[in-house]
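Counting with my numbering, you get residues 39 to 98 for the letters of the sequence shown.
Quick reminder that beta carbons are idealized off the backbone N, C-alpha and C, glycines included.
For clarity, every value in this text was computed on a predicted model and none was experimentally measured.
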Amino acid sequence: MFKQIRKVCGIDLNVLIRPRFGDFLYTETEFKMIQEDILMFRELGADGIAAGCLKADGRA
Numbered sequence: 039m040f041k042q043i044r045k046v047c048g049i050d051l052n053v054l055i056r057p058r059f060g061d062f063l064y065t066e067t068e069f070k071m072i073q074e075d076i077l078m079f080r081e082l083g084a085d086g087i088a089a090g091c092l093k094a095d096g097r098a
């Protein structure tokens with residue numbers, strides 16, 4: 039889907055990166071998935087990403 043949008047859209051595209059629904063407390067495996075997705079979208083031409091992570095006590 040991103041490739042098709044990138045072809046026809048002339049504005050900056052930022053991609054929301056989330057490995058799943060729910061909270062923002064990610065496992066090490068999920069964090070690696072986030073990193074891989076960021077690299078993939080960078081290669082596909084994304085202008086930026088949006089992501090969020092929290093610590094177990096709710097701090098950023």
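Just reading off the beta strand (DSSP E) that residue i is part of, what are its end residues?
| i | result |
| --- | --- |
| I55 | Note, I55: premise wrong, no beta strand (DSSP E); not H, not E. |
Quick one: what's residue i bridged to in DSSP?
| i | result |
| --- | --- |
| G86 | N52 |
Could you give the distance in angstroms between the alpha-carbon of residue i and the alpha-carbon of residue j?
| i | j | result |
| --- | --- | --- |
| T67 | G48 | 34 Å |
| R97 | I55 | 19 Å |
| L77 | K93 | 23 Å |
State buried or exposed for residue i, treating a residue as buried only when at least 16 other CB atoms are found within 10 Å of its CB.
| i | result |
| --- | --- |
| F62 | exposed |
| F79 | buried |
Locate the alpha helix (DSSP H) running through residue i, then write down its first and last residues.
| i | result |
| --- | --- |
| F59 | That residue, F59, is in no alpha helix (DSSP H); it is neither H nor E in DSSP. |
| K93 | Counting along the chain, K93 falls outside any alpha helix (DSSP H), and DSSP gives it neither H nor E. |
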